[in-house]
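> Below: one structure in structure tokens.
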DNA sequence: TCCTTTTACGTAAACGTTTACTCTTTTTAA
DNA sequence: TTAAAAAGAGTAAACGTTTACGTAAAAGGA
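Residue numbers (the UniProt record's numbering), protein chains in the order written: chain A, 1 to 342; chain B, 1 to 342.
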């Protein structure tokens, strides 16, 4: 069907080896030959076949990405960072939506293995035991982004969630808040759930503040769960002046629930988010939030993959990226907010 | 390095042809041989090499997707629909972020061609002349989703934007609104920009309503442009009671600008969005919006690709999917809204 | 000048599959 | 029983590259 290197070779009256060398910018041919071949390539509209290349060269210039959720601002921002870097390095991205389902992820890993990807990026989800085993059995490097695994020590790039939660909580406290509600991720999640909870509790304790259990709730980082969590917190009718939700989507959920109940943010209560996705920008009021540098993380993840491909020796390639508090409009000083159930 | 079909064959004492047949579920071997080979495969942990398969079978089970923007709810919802269907059919997705840049898209197309994808999905952006030529020169089928091209008639799946804009406008009019502001996409965009504008104007005219030009503005479908467009509209100080923004992100932008100006939605003005992404759900108030069935569109797009691969003959494969108005809280009847500058 | 090195190529093997042909052996049908 | 058909298996070519190796001619050095 399509034009191959053989066609070019025949047409230009040279061997395929010469064409190959010219195409790949190696040396071993004269200037005139080069021009003739290049012209033939142009005329015939020859495009090298990356599949054939991949077979002999044993690299495919493609990277597999596993994401629990594709829709959602978190994933897309991460993905954008990866795409940009991958593209610049000549790589393409296979993106897979695991939906946090064990079997889907396994299937994805299997497919990526068959497709001989040069690396795998496992993003923002917990790794199960069997997934870890699959990852280990792969010949290509794997890295985590915005997650990690205690049992399977692949390199990761993430923020220090514990510290970030501390920073966020401290920020609220410094603004004068003492009665703070908390909406976390699942405590069963040892990576993104537990540490943020611990950071929150630790910081409260360090400031001799009590965390009222009925002011805590745990969701799945998504909008709806934030909304419901906040409604539950409201039911307790315990006094509070601020709420820390550990994802912007959940924070948007509290904004939404608050709006339904006629509670004003930030006049009645302050709300602090986490992630700094577009949800934070678009929210009303715009969310003050603990930023994760998601594009940068995506970028670092593919850079990490690439560097692992070169130096097989790679102890301690982990990257802790810096979190940063972005002030917008959803948090006010204690003195300026009314509070609820006081 | 890794285990190949040869290793399996040798170990099991059969030829590679037999292993191949067994792996691919063809026939031509005995039950006992099959079991022995399967056991060997298990023991050795053999995984077929899709690259080699792709070379001989001339299909790669992968599809390239070109999106102007990865971050953003629109793209991610579309992508989720595609991924689901692709996965079920055994395909993987290469996703590319063109950023609406001519050269990036060309580069992407080139790479996808080299990687021998089985199909290309071009999403939600205008096709340039040279991109169209590249698409034509590809051996694999290409389809549009949420866009189309007048000069390059590839099959597409999209809503009828003109009709959808009509429906949206009519909805507002039926609610009693007469002075309606409009925030459209670029009029230079003959696919997603112009038709919505025309639908709006036509419907206004059909109802003997005047469109006040200073109440119209044109953005790029993104949040910021919606925000700025609305601020410009405000500057005109012309009376209006509702605004129709042709993307949820832009509608969220008007919500945001309105909030900043102390304008209440929906008490002062009604706002109608377009797309029905999560932005509409999360907005405050939740947006009434013209829904595009994005997952379904993603699904249809890959189905279309797949069907094009079988029947080479494919006249009129276009799919117009149904738009639908989703009522939430951002539009009120005229009698219940105060309006601005009256 | 002659020998050595470099340059400019061509040949052919390899990469891991699938598949069209073979060739036996077994089963089926008459 | 026997011819025909089916089943079970192997051989080898092909897919489109890259690359190690070989070789002849050109260039360089003394």
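Quick reminder that beta carbons are idealized off the backbone N, C-alpha and C, glycines included. It should be emphasised that the depicted structure is a prediction, and the values quoted were computed from it without experimental measurement.
Classify residue 140 of chain A as helix, strand or coil using the three-state DSSP reduction.
Of the three classes helix, strand and coil, the one that applies to residue 140 of chain A here is coil, per DSSP.
> Distance, Cα to Cα, residue 68 of chain A vs residue 200 of chain A?
So the alpha carbons of these two residues sit roughly 25 Å apart.
> Please classify residue 102 of chain B as buried or exposed, where buried requires at least 16 neighbouring CB atoms within 10 angstroms.
It is exposed - the Cβ of residue 102 of chain B has fewer than 16 other Cβ atoms within 10 Å.
> Can you list the alpha helix (DSSP H) stretches of 4 or more residues lying completely in the region 20-44 of chain B, in chain order?
The qualifying runs are 31-44.
> Note the first and the last residue of the continuous beta strand (DSSP E) segment covering residue 192 of chain A.
Careful: residue 192 of chain A lies outside any beta strand (DSSP E) and carries neither H nor E.
> Taking only beta carbons into account, state which residues of the region 51-62 of chain B come closer than 9 Å to chain A, listed in chain order.
From the region 51-62 of chain B, only 51, 52, 53, 54, 55, 58, 60, 61, 62 have a Cβ closer than 9 Å to chain A.
> What would DSSP say about residue 228 of chain A, mapped onto helix, strand or coil?
If DSSP states are grouped into helix, strand and coil, residue 228 of chain A belongs with the helices.
> Which residues bound the alpha helix (DSSP H) around residue 173 of chain A?
Residue 173 of chain A -> alpha helix (DSSP H) spans 161-174.
> Please check the pair residue 159 of chain B and residue 321 of chain B, which I expect to be a contact at CB under 8 Å, by giving their CB distance rounded to whole angstroms.
Correct: roughly 6 Å between the Cβ atoms.
> Return the residues of the region 74-86 of chain A that lie within a Cβ-Cβ distance of less than 8 Å from chain B, sorted by chain order.
Per Cβ criterion, the list reads 75, 76, 77, 79, 80, 83, 84.
> Roughly how many angstroms lie between the CA atoms of residue 122 of chain B and residue 38 of chain A, to the nearest whole one?
Approximately 30 Å, taken between the alpha carbons.
> Any C-beta of chain A within less than 9 Å: which residues of the region 116-145 of chain B qualify?
Against chain A - using a Cβ distance shorter than 9 Å - the residues of the region 116-145 of chain B are 116, 137, 139.
> Does chain B have any CB closer than 8 Å to the CB of residue 270 of chain A?
Not one chain B Cβ lies under 8 Å of residue 270 of chain A.
> By Cβ distance, which residues of its chain are closer than 6 Å to residue 95 of chain B, with the 5 residues on each side in sequence left out?
Result list for residue 95 of chain B: 65, in chain order.
> Ends of the beta strand (DSSP E) at residue 125 of chain B?
Residue 125 of chain B -> no beta strand (DSSP E), and no H or E assigned at all.
> How is residue 259 of chain A classed by DSSP in three states: helix, strand or coil?
Three-state result, residue 259 of chain A: helix.
> Residue 291 of chain B bridges to which residues according to DSSP?
Its beta-bridge partners are B:275, B:324.
> Residues of chain B with CB closer than 7 Å to the CB of residue 70 of chain A, please, in chain order.
Within 7 Å Cβ-Cβ: 76, 79, 80, 83.
> Could you give the DSSP three-state label for residue 100 of chain A: helix, strand or coil?
Note: residue 100 of chain A maps to coil in three-state DSSP.
> Which whole runs of the beta strand (DSSP E) in the region 47-99 of chain A are 3 residues long or more, in chain order?
The qualifying runs are 62-67, 92-97.
> Compare the beta carbon distance of residue 152 of chain A and residue 127 of chain A with 8 Å and say whether it is the shorter of the two.
A contact, by the Cβ cut-off of 8 Å.
> Please report how far the alpha carbon of residue 338 of chain A lies from the alpha carbon of residue 180 of chain A, in whole angstroms.
Approximately 13 Å, taken between the alpha carbons.
> Under the DSSP definition of a beta bridge, which residues are partnered with residue 340 of chain B?
Answer is B:240, bridged to residue 340 of chain B.
> By Cβ distance, which residues of its chain are closer than 6 Å to residue 75 of chain B, with the 5 residues on each side in sequence left out?
If we look at residue 75 of chain B and ignore the five residues flanking it on each side, its Cβ neighbours are 67, 69.
> Quick check: the Cα distance between residue 157 of chain A and residue 304 of chain A, rounded to an integer number of angstroms?
If you take the alpha carbons of residue 157 of chain A and residue 304 of chain A, they lie about 9 Å apart.
> Mind checking residue 187 of chain B: buried by the 16 CB within 10 Å criterion, or exposed?
So residue 187 of chain B ends up on the exposed side.
> Among A:22, A:58, A:30, whose alpha-carbon lies nearest the alpha-carbon of residue 41 of chain A?
Closest by alpha carbon: A:22.
> From this set, A:218, A:174, A:214, which residue's C-alpha is nearest residue 203 of chain A's C-alpha?
For the residues A:218, A:174, A:214, the minimum Cα distance to residue 203 of chain A belongs to A:174.
> With 8 Å set as the bound, which would you pick, yes or no: does the beta-carbon of residue 46 of chain A sit closer than that to a beta-carbon of chain B?
No - not a single Cβ of chain B is within 8 Å of the one on residue 46 of chain A.
> In chain order, what residues of the region 284-301 of chain B put their CB closer than 8 Å to some CB of chain A?
Residues 284, 285, 286.
> Counting contacts by CB-CB distance shorter than 8 Å, is residue 95 of chain B in contact with chain A?
It does; some Cβ of chain A falls within 8 Å.
> Taking only beta-carbon positions, decide if residue 113 of chain A is within less than 8 Å of chain B.
Answer yes: the Cβ-Cβ gap between residue 113 of chain A and chain B drops below 8 Å somewhere.
> For the region 255-269 of chain B, which residues have a CB atom closer than 7 Å to at least one CB atom of chain A, in sequence order?
From the region 255-269 of chain B, only 255, 256, 259 have a Cβ closer than 7 Å to chain A.
> Hey, does residue 88 of chain A have any beta-carbon neighbour from chain B nearer than 8 Å?
Cβ-Cβ to chain B under 8 Å: no for residue 88 of chain A.
> Using only the alpha-carbon positions, how far apart do residue 124 of chain A and residue 297 of chain A sit?
In a straight line, the C-alpha of residue 124 of chain A is about 11 Å away from that of residue 297 of chain A.
> Between the C-alpha atoms of residue 231 of chain A and residue 247 of chain A, what's the straight-line distance to the nearest angstrom?
Spanning the two alpha carbons is a distance of roughly 17 Å.
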